[in-house]
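Enquirer: Numbering-wise (UniProt numbering), the sequence shown opens with residue 1 and increments by one.
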Amino acid sequence: MSYLRSQFGRHCEVLEQLPDGRSRVGIAAPTSTMIARQLAGWGAFDEVLSPPTVREELASIAAQLADLYSSTS
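Written out as structure tokens, the structure is:
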């Protein structure tokens, strides 16, 4: 959770502490793309539940990286 606070500052809010130790947080930014780009570097360390636009942008980033780095040339 501290990594999200350091990355998003006051735009990151803890909404709920879950029984399994995870946290549900809200993040604010001008665009979904900005949120996705900031979160993409954390890989599977976090999971975006909503909005769908951020999930779609993360999937697009992942596909672009997979295409770039799976190339044998």
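No residue lacks a Cβ here, since even glycine has one placed at the ideal position from N, Cα and C.
Given a threshold of 16 other Cβ atoms within 10 Å of its Cβ, counted over all protein chains shown, does Ala-36 qualify as buried or as exposed?
Expert: Classification of Ala-36: buried, given that the 10 Å Cβ count is 16 or more.
Enquirer: Using a 10 Å radius around the Cβ and a threshold of 16 neighbouring Cβ atoms, would you call Leu-18 buried or exposed?
Expert: So Leu-18 counts as exposed.
Enquirer: Ends of the beta strand (DSSP E) at Glu-13?
Expert: Counting along the chain, the beta strand (DSSP E) containing Glu-13 begins and ends at 12-17.
Enquirer: Taking the beta carbon of Phe-45 as the centre, do at least 16 other beta carbons fall within 10 Å, making it buried, or is it exposed?
Expert: By the 10 Å Cβ count, Phe-45 comes out exposed.
Enquirer: Should Ile-27 and Ala-40 be called a contact, given that it needs their Cβ atoms to be closer than 7 Å?
Expert: Their beta carbons are not under 7 Å apart, which means Ile-27 does not touch Ala-40 by this criterion.
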